[in-house]
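Engineer: Got a structure here, written out as structure tokens. Questions coming.
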Amino acid sequence: MSDLDDFKQTYFDECSELLTELEEQFAAIDAGERSPDRLNAVFRAIHSIKGGGGAFGFSELVAFAHAYETLLDRVRDGRVEMAGQVVTLCIRANDIVADFVAAAKRGRSLGATYGADERKQFDALSTGQASEIAPPAEPADDDAFDIDFTPVRVELDIAAAGPATAGEDSFEQVPLTVEKGHWEIHFTPHGELYARANDPLLLFRELASLGDLSVVAKLTDIPSLADFEPFGVYCSWELTLNSPSATAESIGEVFEFVEGNCDLSIALLTPRAAAQPTLADLAALVRPPPAVDDTAPSFAALAEDIKAERAAAAPLPPTPKLLAVPAESAPPFSQDEPEERRGGLDDRRNAGIQSIRVDLEKVDRVVNMVGELVITQSMLTQQMDDTLRARYQELVRGLEVLAQTTRGLQDAVMAIRAQPVKSVFSRMPRLARELAQKTGKKIRLEMVGEATEIDKTVIEQLSDPLTHMIRNSADHGIETPAQRLALGKPEIGTIRLSAEQAGGNILISVEDDGAGINRERVMDVARERMVVGPDQQLSEEQIDNLIFAPGFSTASEVSDISGRGVGMDVVLSNIKKIGGSVHVRSRTGQGTRMTLRLPLTLAVLDVMLVKVAGSPYVIPLSSIVETIQCARADFGRAPSGARVLRVRGEYVQVVDLSERFQLPSGLDLGRRFVVLCEAEGSVKVALVVDDIIGQQQVVIKSLEENFEHIDGIAGGTILGDGNVALIVDVQGLRAPVLHRSAA
Amino acid sequence: MDSLAYRDDFTATQTAGENSLQLIAFSIGEQTYGVEITTVREIRAWNGATPLPNTREYVRGVINLRGTIVPIFDLRARFGEGQTSPTKNHVVVVMSVGDKWVGILVDAVSDILTVSKDDIHAVPQGNSMDTELLNGIVTHESRMVGLIDLHAVVSGTKTEA
Amino acid sequence: MRVLTVDDSRTILAMLHHTLSNAGFEVLQAEDGRKGLEMLAKEPVGVVITDINMPVMDGIEFIKSVRSSGLHNSLPILILTTETSQDKRDQGRAAGGTGWIVKPFDPEKLISVIHRVVH
């Protein structure tokens, strides 16, 4: 069913969220927090995964989840304690469930034995006695209503409301010849039936779909108006159903919701009834509609009563009493029906945050419009020159308020699309566990700053790079336990995954306390693959960052974890695609730290607008240290021949943007300007531009959306005049110009 | 703003029948080229573009299309016929290629043609640019119209250092 | 006719929405019992379909609240349950539920069960 396929994606998305939640909840449970809320939450998570899985026929998943769910049900009941081994088992089970989900997504099977041990343990914990784990039960044969086989006298009701009964037809039915399929049903509803919004008329309607139905109402129990209780029940019915195909089961099914709230008897008249009657016999049986007991009022009489009462203005009982139903066994319907309640379930009001689900498209539209608003507001402000400022003070003030409000709106809108990195981080502990197992190393994963929020579209791109980086640390960074002990390090290696916001960026870093980057090896490989020239000299930092160079890979041993090579260049290109950058720093013997810097989209970027070869460029203000006129700058040459700038005792690399961007400048150096910037690791770089226009606020727009990444460019923005200005990627410009690898 | 024509509901309009194609035709000098009308989103007058560094000479730069940055390809330059010196009379045809929007700088847009698929011939060998960039040639009212292969036009844009 | 669907699983809500709107119902959605009550307070509804296990307020509490308000005595409420044991259904009925439908639900069965409890 192709319809189902649409929902599969929704289901898998939901599973992904639920699995993340399970990971979180069990982290807390493992730490000793076992509130009823948590236990209920984990139950519901597995319950939902199982439920959806059933709809799509993921039978392996459902079978496992069912066993797990049963245990969790016992746990939340208090019958099994969530502690020690049980917690460990559940954590393992979460991973197994995730595996089943992943397999289901790919249409694969994991085989009958996968998770079988854990299932056995669940079963053992859950019951200890005969397992309740059964396939969906077939409707039991011993259903709860009586089938009475004594023949019952038939009353021919010619005036009945059945669809097929009218005049002569009913004679044709000759009810006395009991064909198979003549049923007699007695039905007396109790008060609770009505209280649950069940309606006899609807039940009869359904019965009528099974065959020919005739219905007789028994009204003899209706009391006088004075004794008439509004919620009382006084009616019962006798029904006759002629149907060749109906069975006790199918008739019973009609009443399945209301059994227990009514008196019901269903009888199939046996063929042993009288022989073929003659017409005379039939005539004798035809009786007028059942005589109503004269002592009980008919409805007509009741109506008269009511009229009379009204005329007398006799007050009806002011409040309807919920009363005991006449005769039969039914307990009174009341508000506080005693029930078995599980302890602690009554008060489950979460202090939860209210939320709604919104189409991402709608959010994107709002984000874009706010972006336009920022640009327009910025343009308006730009138009303010001094004369205008002096003349229209109110206008100026108004624009200032507008600027503030727009800023606030922007922050709010960004926050809508921002999500905690938690959802990506939560997959990492499991990865670390697996890596530890496969490499035989002892690894502990620390996570910090999971609540840091980042744009939703960026989050999805993070998973692969983070996975690569953690694998890299586990593979090449962390030493074996023996090695570590020999080095005087703790046996368990630590990988620290952290996220924080800094300026207009999010910094995500993976840091390990392992061996650090083997710089000699890196240089060897780099020279071998011609990523650097044979005589090229590089700083330690530059060597470290070589691992991101295209075509670079130290994995001559192709480990089955990291696959082919290390994939660091893939990490870099992925990050660049979303407008970010990667940086690595390492200390031999002590460890390595890789940092991803990601932009906050729709950030109001405060920038300096400059001109290079007649085209506008912007440089993030946060990167700028100062600006210097070239005529006054102290230029020099490094031994390698590269131009440097001498500033306060420091020698700073010079990058001439018109040269770098291959755009002819036409201005001689003396008329140009230096913008001194600070990049990653507090290293400075001096950018040479043609002119400096001024400060602005801009909105970042993607270049990759319709084009592709360009080295040295971090993205685009739209200026107040509507033109596109490119954002200079300060960090990207710092990279040494490497030889292209021989492809 | 400078939009000359804009398709608001950007859905495929195959009104001409199963075996025919509707093209928007435009000219570069004396040559006429065409693209399927379903790929065209908008036609704008040329109003400048911000140049992109380190790209091929036929990548003219980028423009602001209602808040989105869209690259402009100089079609003449792409065919190796030199750079266009665009004026306000030149035209940018904004089209979808895969999941991206790109703009093509042309001299003028002529009209909408309906051609039969049967009339499309293979590109004759000889001119390597044509074979690389065209999907076929069709004759319409004694004019030869080259059918542009958009994917080929927009690929290979980075320059070597 | 309006149907209110109450379930914390958005997969189930989506599937219910699909089946029910194809059958001509106008579908309202809530992700827990409390939201369900809020929706009922705002708009009249012809039938309710609710899950049992939900955060904030579960299906049993929801049904009890609905019945005890006195405003919805003839509002049919169907319980969605994956439970095959009689226990859950009894609980649901006891709380005031009109009937039930078993998850995973067959779209035709869903419609026929609704048909069974509404005019």
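Protein chains in written order, with numbering that gives the first Met the number 0: chain A, 0 to 742; chain B, 0 to 160; chain C, 0 to 118. Ideal Cβ positions, reconstructed from N, Cα and C, are used throughout, including at glycine. Computed from a prediction, not measured in an experiment: that's the story for all the values here.
Does PRO70(B) come within less than 7 Å of chain A when only Cβ atoms are used?
Structural biologist: Yes, PRO70(B) counts as interfacial toward chain A.
Engineer: Verify whether the separation of the beta carbon atoms of VAL684(A) and GLN661(A) is less than 7 Å.
Structural biologist: Result no, Cβ atoms of VAL684(A) and GLN661(A) do not sit closer than 7 Å.
Engineer: Per DSSP, ARG1(C) forms a beta bridge with which residues?
Structural biologist: Answer by DSSP bridge pairing, in chain order: GLU25(C).
Engineer: Rounded to a whole number of angstroms, what is the C-alpha to C-alpha distance between GLN382(A) and ASP720(A)?
Structural biologist: Rounded to whole angstroms, GLN382(A) to ASP720(A) spans 10 Å at the Cα level.
Engineer: I believe GLN376(A) touches ALA402(A) by the beta-carbon criterion, under 8 Å. Please report the beta-carbon distance rounded to the nearest angstrom.
Structural biologist: GLN376(A) to ALA402(A), Cβ: 6 Å. Contact.
Engineer: Buried or exposed, going by whether 16 or more other CB atoms sit within 10 Å of the CB of ILE184(A)?
Structural biologist: Buried, by the Cβ-count rule.
Engineer: Using a 10 Å radius around the Cβ and a threshold of 16 neighbouring Cβ atoms, would you call THR18(C) buried or exposed?
Structural biologist: Burial call: buried.
Engineer: Can you look up GLN334(A) in the DSSP assignment and give me helix, strand or coil?
Structural biologist: Residue confidence is low: GLN334(A) scores 34 on pLDDT, short of 50, so the model does not pin down where it sits. Its coordinate-derived value is still stated next. DSSP places GLN334(A) in coil when its eight states are reduced to three.
Engineer: Quick check on the DSSP output: what are the complete alpha helix (DSSP H) runs of length 4 or more inside the region 32-100 of chain A, in order along the chain?
Structural biologist: If we require 4 residues or more, the alpha helix (DSSP H) runs fully inside the region 32-100 of chain A come out as 35-54 and 58-76.
Engineer: Bridge partners for VAL167(B) per DSSP, in chain order?
Structural biologist: Chain B is shown from 0 up to 160; residue 167(B) falls before or after that span and cannot be answered.
Engineer: For ALA485(A), which of helix, strand or coil comes out of DSSP?
Structural biologist: Residue state, collapsed to three classes: helix.
Engineer: Quick one, which of SER264(A), GLY51(A) and LEU17(A) has its alpha-carbon nearest ALA13(C)'s?
Structural biologist: It is GLY51(A) whose Cα lies nearest to the Cα of ALA13(C).
Engineer: With ASP690(A) as the anchor, note down where its beta strand (DSSP E) starts and where it stops.
Structural biologist: Unbroken beta strand (DSSP E) run through ASP690(A): 690-700.
Engineer: When burial is assigned at 16 or more other CB atoms within 10 Å of the CB, is MET607(A) buried or exposed?
Structural biologist: Classification for MET607(A): buried.
Engineer: Run through DSSP, which three-state label would ASP7(C) get?
Structural biologist: If DSSP states are grouped into helix, strand and coil, ASP7(C) belongs with coil.
Engineer: Name the chain F residues whose beta carbon is nearer than 7 Å to that of TYR10(A)?
Structural biologist: Considering every chain present, this structure includes no chain F. Its protein chains are A, B and C.
Engineer: Cutting at 8 Å between CB atoms, please list the residues of its own chain near ILE90(A), excluding the five before and the five after it.
Structural biologist: Closer than 8 Å at the Cβ level, and outside the excluded window around ILE90(A), lie PHE25 and ASP29.
Engineer: Could you check the C-alpha separation between PRO598(A) and ALA713(A) for me, to the nearest Å?
Structural biologist: Cα-Cα distance, rounded: 10 Å.
Engineer: Just checking my contact of GLU59(A) with SER108(A) at CB under 8 Å: how many whole Å lie between their CB atoms?
Structural biologist: Confirmed, Cβ separation roughly 6 Å.
Engineer: Between ASN722(A) and chain C, is the shortest Cβ-Cβ distance under 7 Å, so that the two count as touching?
Structural biologist: No, ASN722(A) lies away from the interface with chain C (no Cβ there is under 7 Å from its Cβ).
Engineer: In three-state DSSP terms, what is ASP4(A)?
Structural biologist: Helix at ASP4(A).
Engineer: Per DSSP, what are the beta-bridge partners of CYS629(A) in this structure?
Structural biologist: In the DSSP output, where bridge partners are listed per residue, CYS629(A) has none listed.
Engineer: Of all Cβ atoms in chain C, is any one closer than 7 Å to the Cβ of VAL729(A)?
Structural biologist: Chain C contact via Cβ: absent.
Engineer: Once DSSP output is grouped into helix, strand and coil, what is the label at GLY66(B)?
Structural biologist: Correct three-state label for GLY66(B): coil.
Engineer: Return the chain-ordered list of same chain residues with a C-beta closer than 7 Å to the C-beta of VAL521(A), the five sequence neighbours on each side being excluded.
Structural biologist: Once the five neighbours on either side are set aside, the close Cβ partners of VAL521(A) are ILE542, LEU545, ILE546 and THR553.
Engineer: Return the residue from the list ALA641(A), ASP633(A) and GLU658(A) that minimises the CA-CA distance to GLY648(A).
Structural biologist: Of the candidates ALA641(A), ASP633(A) and GLU658(A), the one whose C-alpha sits nearest the C-alpha of GLY648(A) is ASP633(A).
Engineer: Please determine, among GLY579(A), VAL257(A) and PRO615(A), the residue with the shortest C-alpha to C-alpha distance to PRO464(A).
Structural biologist: That would be GLY579(A), whose Cα lies nearest to the Cα of PRO464(A).
Engineer: Distance cutoff 7 Å, beta carbons only. Does LYS700(A) sit that close to anything in chain B?
Structural biologist: It does; some Cβ of chain B falls within 7 Å.
Engineer: Less than 7 Å between the C-beta atoms of ALA66(A) and ARG118(A), yes or no?
Structural biologist: Yes.
Engineer: Would you call the region 58-72 of chain B and the region 111-121 of chain B in contact, with 3 or more CB pairs under 8 Å?
Structural biologist: With the cut-off at 8 Å, the region 58-72 of chain B and the region 111-121 of chain B do not touch.
Engineer: For ALA431(A), which residues of its own chain have a beta-carbon under 8 Å away from its beta-carbon, when the five flanking residues on both sides are left out?
Structural biologist: Excluding positions up to five away in sequence, the list reads ILE442, ARG443, LEU444, ILE469, ALA473 and ILE494.
Engineer: Give the straight-line distance between the Cα atoms of LEU17(A) and MET94(B), rounded to the nearest whole angstrom.
Structural biologist: Straight-line Cα distance between these residues: approximately 41 Å.
Engineer: Short check: CB of GLU677(A) to CB of VAL617(A), under 7 Å?
Structural biologist: In this structure, VAL617(A) does not lie closer than 7 Å to GLU677(A) by Cβ.
Engineer: What residue range does the alpha helix (DSSP H) around LYS455(A) cover?
Structural biologist: From DSSP, the alpha helix (DSSP H) with LYS455(A) extends over 455-471.
Engineer: How about GLY715(A) and LEU732(A): are their beta carbons less than 7 Å apart?
Structural biologist: Against a cut-off of 7 Å, the Cβ pair of LEU732(A) and GLY715(A) comes out as no contact.
Engineer: What residues from the region 57-87 of chain B come within 9 Å of chain A, judged by C-beta to C-beta, listed N to C?
Structural biologist: Of all residues in the region 57-87 of chain B, VAL58, GLY60, VAL61, ILE62, ASN63, LEU64, ARG65, GLY66, THR67, ILE68, VAL69 and PRO70 have a Cβ within less than 9 Å of some Cβ in chain A.
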